[in-house]
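Some notes on the structure that comes next.
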Amino acid sequence: MSKIMIIDDDRDIIDSITMILEANDYTVVSKLDTENIIDAVESENPDVILLDIVFPEDAQAGFKAARKIASVDTINHIPVLVLSAVNQLSNLGFSFTENDISHDFMPVKGFIEKPVKPDELLAKIESLSVH
Amino acid sequence: MLEENIIHCIQDVHVKELVKRLNWSVQIRWYYIGISSFLIVLTFFVLDKNTIHLNFEYLLAANIFLFFCNSIYQYQLRYTYNKCLGTFDLRFYLMIQIITDYLALTLVVYTLGSIETPIILMIIPNTILATLFFTSRQSLLLALLGVFIVISPLILEFFNMIPTISIINSSYKMLVFSQPMILLGYIFILLSCVIFCWYLLCSITSRLIKNELGLERSYQDMIKLDEEKTQATLRSTHELKAPLAAIKNYVYTMNEGYAGEINDKVLKIMNRIGQRCDYLLNNVTDIIKLGNLKSYVVLDDKTNTQFHRIDIEKYIREFILKNENLTCEKNIKITIVNQLSATNTNENKCILANEENLQLIFNNLLSNAINYSHIDGEINIILNEKQAANKKLLCVTIEDQGIGIDKIQINKVFEEHYRTNHAAQFYEGGTGLGLSIVKVCSQILDAELQIESSLNEGTRVSICFKEGGHSHE
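Going down the list, the sequences are from chains D and Y.
Quick note on numbering: the numbering used here labels position 87 of the first sequence as 87, and the sequence is numbered without any gaps.
Count along the second sequence from 1, add 131, and you get the number used in the numbering used here.
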């Protein structure tokens, strides 16, 4: 059984995604902010992280959290999927491609735009071969 | 080449102007060397040496001196581009160049009899250049130094320290030298001319510099505001979309039975909630997107837009493939008709555009064609060429056989939020912003947009892009 960690400030998104994932035999843990992200990820040791970008205290909190996770050897193997209401093509201030020198690279495995259809969400998670 | 280097290397507007003027003065010097060398040779052969006595060696020496100095300045300019030098270094280079010109001019003035020709007035262009790029005090000092250098042979001739040169054997020079007051008057007039030019230019340039600094400040403020606006837009988009996305996520969850069994009536209501959510999400996205695109057009800020060569046929085929799910619901058949003239089997025709705007254009045009088509309808996408005012355009025409638009209403379809009653009844989900977005995107890409339609027969939208050459497959 795989464990998914949802880091999102929206309780409703956490609840609806939890319903979908739990029905598909995933274990779900959640966090409403990006504070102490390293400790939280290390203690939960999830198989996949679903990470929001915009948080109330900082519009780039998710981006910073992803960079922190990627910088720690013990947890940087855990795939991170961005889950955001903002379109991937918006000027988010960072890039999803490593070659883009104009922006900092966001080290994640994929981008899911909210709202997400259950099938698409499950397919994305399964594509990371954790189930 | 110079422009490209400036854009890559130098961002400061003063530095940019300085480099341009340095380049300009090097070019002018080359022209001077070429033309004067030609004249020296010509004069040597055609001049009546009994009436005019010219010392060709001195003139040639002045040209050789300028040639060597200018070669060094040309090399220096290249160094300037590579090293991205600041204003201080560039002003120093300009000062050295101005002094070089004064020295060469002094030799020419001496050779041409000092006061016998008006060549001494050639000091004025360098005075202008100095006034433009140095502070008023520095430029005055440079102008006075120039006058001092250029009239020095005349003074030395007066005191018999160097041989007196007269090209026309006139008694005029003898008269000037015999009456010191005339010589002083001559120097005074020359000095007055130079100082008058300096004063006039100083008062004009100080006002220009003030305006320029004001403009630069406004430009920097505008860039800062634009960045703030982008972040505020991002935040607003998120704040407006996030609650709707959460509702829609619940709808998906319930519709697919993750919250337990629901009866048909509830399912129907859930679907309606989902549709209204989609409408709001689309509307919010389109309003913000259109606002951003319009501010971009108003600011005419094309410096940040990277236009690439895009293989139009390949792009359209990939686009259709990616959006296959849109056509499934209504079982609509899409046919691509390529009428582009074949050039070479390995080459495809490209347009100049950027993917973001192209995606917005075709997303909206294709969605419209699908949404306003009947079930089992057909859509043709025609690629062809058009010649317009010395440029070749590559056109994409999306043709549907849907509900069409009345000819009276066709001109209003690009207005924001405008929807015909007929269209609103046929398809509820439209925001009335799709064609407005297409219009603004086509303005950004400098593309021509045309729409033709007949009620109950279908609509034909053509968009013609600038040709961007060929791509090798």
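Backbone N, C-alpha and C fix where the C-beta goes; we use that ideal spot for every residue, glycine too.
No experiment lies behind these values; they were computed from the predicted model shown.
{"Asked": "Taking all protein chains shown into account, decide if K379 of chain Y is buried (16 or more other Cβ within 10 angstroms of its Cβ) or exposed.", "Found": "buried"}
{"Asked": "Return no unless some Cβ of chain Y is closer than 7 angstroms to the Cβ of D25 of chain D.", "Found": "no"}
{"Asked": "What is the DSSP secondary structure of E134 of chain Y, reduced to helix, strand or coil?", "Found": "Note that E134 of chain Y scores 42 on pLDDT, short of 50, meaning its location in the model is unreliable; the coordinates nonetheless yield the value given after this. Correct three-state label for E134 of chain Y: helix."}
{"Asked": "For a cutoff of 7 angstroms on Cβ pairs, would you count A85 of chain D as touching chain Y?", "Found": "yes"}
{"Asked": "Look at the alpha carbon of Q207 of chain Y and the alpha carbon of I230 of chain Y, and state the distance between them as a whole number of angstroms.", "Found": "16 angstroms"}
{"Asked": "Helix, strand or coil for T295 of chain Y? Go by DSSP, reduced to three states.", "Found": "coil"}
{"Asked": "So what does DSSP say about Q532 of chain Y, is it helix, strand or coil?", "Found": "coil"}
{"Asked": "Less than 7 angstroms between the beta carbons of N488 of chain Y and F438 of chain Y, yes or no?", "Found": "no"}
{"Asked": "Out of Y:I529, Y:G535, Y:G561 and Y:N552, state which residue places its alpha-carbon closest to the alpha-carbon of C595 of chain Y.", "Found": "Y:I529"}
{"Asked": "Determine the DSSP secondary structure at I393 of chain Y, reduced to helix, strand or coil.", "Found": "coil"}
{"Asked": "If the cut is a Cβ gap below 8 angstroms, which residues of chain Y does M19 of chain D touch?", "Found": "T384, Y389 and A390"}
{"Asked": "With burial defined as no fewer than 16 other Cβ atoms inside 10 Å of the residue's Cβ, what is the status of S593 of chain Y: buried or exposed?", "Found": "buried"}
{"Asked": "To the nearest angstrom, report how far apart K372 of chain Y and K461 of chain Y are at their CA atoms.", "Found": "28 angstroms"}
{"Asked": "Closest Cβ-Cβ distance between D33 of chain D and chain Y: below 7 angstroms?", "Found": "no"}
{"Asked": "Please classify Q228 of chain Y as buried or exposed, where buried requires at least 16 neighbouring CB atoms within 10 angstroms.", "Found": "buried"}
{"Asked": "What are the boundary residues of the alpha helix (DSSP H) that includes F111 of chain D?", "Found": "It is not in any alpha helix (DSSP H) - F111 of chain D instead sits in the beta strand (DSSP E) that spans G110 to E113."}
{"Asked": "Apart from the five residues on each side of it in sequence, which residues of its chain come closer than 8 angstroms, Cβ to Cβ, to R152 of chain Y?", "Found": "L225, L260, L263 and F264"}
{"Asked": "Quick one: list the residues of chain D neighbouring Q362 of chain Y, beta-carbon separation under 7 angstroms, in chain order.", "Found": "A59"}
{"Asked": "Are the CB atoms of G535 of chain Y and N587 of chain Y within a distance shorter than 7 angstroms?", "Found": "yes"}
{"Asked": "Taking C-beta pairs closer than 9 angstroms, name the residues in chain Y that D124 of chain D reaches, listed in chain order.", "Found": "According to the sequence displayed, residue 124 of chain D carries Lys and not Asp. Here the premise fails: no neighbours, minimum Cβ distance about 14 angstroms."}
{"Asked": "Counting Cβ pairs, one atom from each stretch, are 3 or more of them under 8 angstroms apart for the segment 109 to 116 of chain D and the segment 378 to 397 of chain Y?", "Found": "yes"}
{"Asked": "At least one CB of chain D closer than 7 angstroms to the CB of C140 of chain Y: is that the case?", "Found": "Per-residue confidence for C140 of chain Y stands at a pLDDT of 45, beneath the threshold of 50, marking its modelled position as unreliable; the derived number appears in the next sentence. Not an interface residue."}
{"Asked": "Does S585 of chain Y pass the burial test, meaning 16 or more other C-beta atoms within 10 Å, or should it be called exposed?", "Found": "exposed"}
{"Asked": "So G618 of chain Y and I482 of chain Y are in contact, right, with Cβ under 8 angstroms, and what is the actual spacing, rounded?", "Found": "No statement about residue 618 of chain Y is possible, as the shown extent of chain Y runs from 132 to 604 and does not include it."}
{"Asked": "Shorter than 7 angstroms from the beta carbon of K109 of chain D to some beta carbon of chain Y?", "Found": "no"}
{"Asked": "Could you name the residues of the same chain whose beta carbon sits closer than 7 angstroms to that of I138 of chain Y, not counting the 5 residues immediately before and after it, in chain order?", "Found": "Here the model assigns I138 of chain Y a pLDDT of 41, short of 50, so the residue's position is not dependable, and the following value carries that caveat. Excluding positions up to five away in sequence, the list is empty."}
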